[in-house]
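Working notes, beginning with the structure itself.
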Ligand code: COA
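Residue numbers (our numbering): 93 to 352.
See below:
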């Protein structure tokens, strides 16, 4: 499939999706959000893809936010729809994807850009990265899940301060807050993400996807995460991956998971 705003490249089970509007610091306009939805949907269905890395093109930005020029004249109804649609087709969609998604934060991750990184399963940053939710400086609040996912990751007090002050933190502060898992140089960012992705892809894709579901269950209203864990744990016993994983262990060889 060809896209106007993103580039999708698959390499041996690891697919990198690059948001490609460097002149606009990869700001998320609606067309980009729709293309990302299509790409994530395709990669989820593609048996060849085991892990997805999401990054931004150029050396300056991951994503500098939702495209302000697109919503500057919106009214209440349009604003509500913008958030609802974006959350449904991209942010919640990525969070609940059955395949792991790693955000390679290669520069500014602001507003919708940080919210997109927050929706990914975990984040790795380059040392030039700057992160923040500056929406209140524009007279609005984060609308793509930032008020919910940021406190989940860094705690309520820190999220309150970051959102209310509209300030940015650097990569080391983000590491200190637990917002990103690792910080490295810009040159090493994708290689490090690929190395971790490769390690994940050597494991059972079915079990990894069950783990994503069980972990996410903790954050869903009205859902008992322990019960979901029991269900997902039990389901694993019916998979070919479980048979192969346990057999390989007992035969003292490396597992070759069929992915079923
Ligand atoms: N929406 C739309 N366009 C954006 C954008 C956004 N969120 N962020 C950057 N751009 C555009 C700029 O308008 C500029 O376009 P132009 O060259 O056609 O004028 C281009 O990207 C480069 O940005 P610029 O501001 O010139 O770069 P800078 O290095 O001086 O500043 C930032 C970088 C990230 C500090 C600054 O771009 C910024 O504050 N962006 C908005 C961040 C934000 O508030 N995001 C939350 C949105 S809800």
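Glycine residues also receive a C-beta, built at the ideal position from the N, C-alpha and C atoms.
- When DSSP states are grouped into helix, strand and coil, residue 124 belongs to the helix group.
- Following the DSSP letters along the chain, one finds residue 148 inside the beta strand (DSSP E) bounded by residues 143-148.
- Per the Cβ contact rule, the stretch 219-229 is not in contact with the stretch 159-169 (fewer than 3 Cβ pairs under 8 Å).
- DSSP places residue 326 in the uninterrupted alpha helix (DSSP H) bounded by 317-328.
- Within 10 angstroms of the beta-carbon of residue 342 lie fewer than 16 other beta-carbons, which makes it exposed.
- Within the chosen limit of 7 Å, ligand 1 does not reach the beta carbon of residue 148 with any heavy atom.
- Between the stretch 122-138 and the stretch 181-195, the count of Cβ pairs shorter than 8 Å is three or higher; the stretches touch.
- In terms of Cα proximity to residue 290, the closest of 170, 97, 104, 100 is 104.
- When distances are taken from the beta-carbon of residue 123 to the heavy atoms of ligand 1, even the shortest one reaches 7 Å or more.
- Where residue 163 is concerned, the enclosing alpha helix (DSSP H) starts and stops at 160-163.
- In the DSSP assignment, residue 334 falls within the alpha helix (DSSP H) that extends over 332-342.
- Bridge partners of residue 194 according to DSSP: 145, 214.
- Beyond the five residues adjoining it in sequence on each side, residue 273 comes within less than 7 Å, by CB distance, of 214, 215, 216 in the same chain, given in chain order.
- The distance from the Cβ of residue 194 to that of residue 285 is about 5 Å, consistent with a contact at the 8 Å cut-off.
- When DSSP reads this structure, residue 261 sits in a beta bridge with 223.
- In the structure shown, residue 103 adopts extended strand secondary structure according to DSSP, grouped into three states.
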